[in-house]
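Chemist: Take a look at the following structure, please.
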Amino acid sequence: MTTVLQTTTVQHPRTVERLVIGQATSDGAGVKLTRVLTQNLQNRLDPFLMLDAFGSDKPDDYIAGFPDHPHRGFETVTYMIAGRMLHRDSAGHEGLLENGGVQWMTAGRGVIHSEIPQQEDGVMEGFQLWLNLPGRDKMCPPWYRDFKAGDLPKYTTAQGVAVTVIAGESHGTTGAVTRDATAPLYLDIHLPAGSRFEQAVPAGHNAFVYVYRGEVTIAGQTVPVQRMALLANSPQADGVVIEATTDAKVLLIAGQPLKETIAQYGPFVMNTQQEIYQALSDMRDGRLGEFAA
Ligand code: FE2
């Protein structure tokens, strides 16, 4: 962990366009979760397709996990705050995701995978983000990496703000993953009460903040716990300034929009309905995971 002297980089901070409350839902074999980024925000928050927050100390809420299911056409980024989950997929990847680790999976032309909790009690908490792929990459070979908590780039500011750089670049620290087409920025930011954090974000990128502990203020707007603040896009805005009124933990996520049509059917996200029919027919014929062997 290094300490960086934070320079003032943001002259015109973004404002909050609106606050969003997630929707309680369940997925997989009955895992209870909160869908923070829902389908109706996919164009507004392009290139991001979904953000789920899961967190419970009741095993019944998570124990069944996510048995074998397919994906095609995008990337899933799972960030485990607490708990242990085993991933297995048709491309032969297997990995245990635990306490502070990240799993980055590019489904590309197709994987079938399972995500199963490896604990029978205790807290399981984390996030899964879906990041779109540009049309030209949707049928790319699957790709997968596990990052243990200790492998993720981290730094602390002079004010004691601790930042984990999962993707993108922040104050000279390059994240675990970078992507050209979508240029995703994914930061987990832990702010002590009274601290302030600045992050440069290109004006054309879509960006949001999700508060999962405490409360923060962005451009005068209070953002309470379990709220997503959609950050306004304006041509002169060059970043975001987050101020903590209490000890707080937030995710800051931003990316370059693809501006392509989005056709989603469950776990398949393509550009056209025809490509969705193809994915369903490949799935039915058992051809979805076989490319990956
Ligand atoms: Fe999945």
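Per this note's numbering, the sequence shown starts with residue -15, numbered consecutively.
Glycine included, every Cβ here is placed at the ideal spot set by N, Cα and C.
My parser needs the beta strand (DSSP E) runs of 3 or more residues fully inside the region 81 to 159; what are they?
Modeler: You should have 86 to 90, 95 to 101, 108 to 116, 127 to 131, 138 to 141, 146 to 151.
Chemist: Three-state secondary structure (DSSP) at E259?
Modeler: Three-state result, E259: helix.
Chemist: DSSP puts A213 in a beta bridge; with which residues?
Modeler: Note: A213 sits in a beta bridge opposite L3, V193.
Chemist: Could you please give the first and the last residue of the uninterrupted beta strand (DSSP E) stretch that includes P219?
Modeler: That residue, P219, is in no beta strand (DSSP E); it is neither H nor E in DSSP.
Chemist: Comparing the CB of F111 with every heavy atom of ligand 1, is any distance shorter than 7 Å?
Modeler: Checking the Cβ of F111 against ligand 1 gives no.
Chemist: For R56, I'd like the list of residues in its chain whose CB is within less than 6 Å of its CB, leaving aside the five on either flank, ordered along the chain.
Modeler: Once the five neighbours on either side are set aside, the close Cβ partners of R56 are A91, G94, F252, A263.
Chemist: May I ask you to list the residues that DSSP assigns as paired with V61?
Modeler: Answer is W88, L113.
Chemist: Quick check: the Cα distance between R268 and A228, rounded to an integer number of angstroms?
Modeler: So the alpha carbons of these two residues sit roughly 50 Å apart.
Chemist: Does the region 190 to 202 come into contact with the region 132 to 142, if we say contact requires no fewer than three beta-carbon pairs (one atom in each stretch) closer than 8 Å?
Modeler: As far as the Cβ criterion goes, the region 190 to 202 does not touch the region 132 to 142, which means the pair count is below three.
Chemist: Taking only the alpha-carbon atoms, compute the straight-line gap between K16 and T22 and give it to the nearest angstrom.
Modeler: Each residue's alpha carbon lies about 15 Å from the other.
Chemist: Express the C-alpha separation of E99 and P208 in angstroms, rounding to a whole number.
Modeler: Looking at the two C-alpha atoms, the distance is approximately 30 Å.
Chemist: Can you look up R268 in the DSSP assignment and give me helix, strand or coil?
Modeler: If DSSP states are grouped into helix, strand and coil, R268 belongs with the helices.
Chemist: Classify T(-13): buried if its beta carbon has 16 or more other beta carbons within 10 angstroms, exposed otherwise.
Modeler: Classification of T(-13): exposed, given that the 10 Å Cβ count is below 16.
Chemist: In terms of DSSP beta bridges, what is V253 paired with?
Modeler: BP columns for V253 point to Q248.
Chemist: Taking 7 Å as the limit, tell me which residues put their C-beta closer than that to any heavy atom of ligand 1, in chain order.
Modeler: Those satisfying the condition are, in chain order, F50, H53, H55, T60, H97, E99, P251.
Chemist: Within 10 angstroms of the Cβ of S154, are there 16 or more other Cβ atoms? Answer buried if so, exposed if not.
Modeler: With 16 or more Cβ atoms within 10 Å of its Cβ, S154 is classed as buried.
Chemist: For P118 and A165, what's the separation of their Cα atoms in angstroms?
Modeler: Taking the straight line from one Cα to the other gives about 7 Å.
Chemist: Find out if the Cβ-Cβ distance for the pair V329, A191 is shorter than 8 Å.
Modeler: Residue coverage of the chain in this structure runs from -15 to 277, which leaves residue 329 outside it and unanswerable.
Chemist: Is the region 52 to 68 touching the region 109 to 128 in the sense that three or more CB pairs, one from each, lie closer than 8 Å?
Modeler: At 8 Å Cβ cutoff, the stretches touch.
Chemist: Just the Cα atoms here: how many angstroms apart are F50 and G250?
Modeler: Answer to the nearest angstrom: the Cα atoms are 14 Å apart.
Chemist: Can you find the residues in the same chain that come closer than 8 Å, C-beta to C-beta, to Q220, ignoring five residues on each side of it along the sequence?
Modeler: So the list reads H(-4), A187, once near-sequence residues are dropped.
Chemist: What runs of the beta strand (DSSP E), each 3 residues or longer, lie entirely inside the region 15 to 57?
Modeler: The qualifying runs are 15 to 21, 32 to 40, 50 to 55.
Chemist: Going by DSSP, what residue range makes up the beta strand (DSSP E) through D73?
Modeler: Segment 68 to 73, the beta strand (DSSP E) holding D73.
Chemist: Considering only DSSP beta bridges, list what K233 is partnered with.
Modeler: Answer is H174, R197, bridged to K233.
Chemist: Verify whether the separation of the beta carbon atoms of A75 and P126 is less than 8 Å.
Modeler: Yes.
Chemist: Rank H53, S265, M254, G270 by C-alpha distance to the C-alpha of M123 and give the top, closest one.
Modeler: Nearest of H53, S265, M254, G270 to M123, Cα basis: M254.
Chemist: Roughly how many whole angstroms lie between the Cα atoms of A276 and L81?
Modeler: With a pLDDT of 43 at A276, under the threshold of 50, the modelled position of that residue is not reliable, and the figure given next carries that caveat. About 21 Å.
Chemist: Hey, quick one: how far does the beta strand (DSSP E) through R180 stretch, first residue to last?
Modeler: Here the beta strand (DSSP E) through R180 covers 180 to 184.
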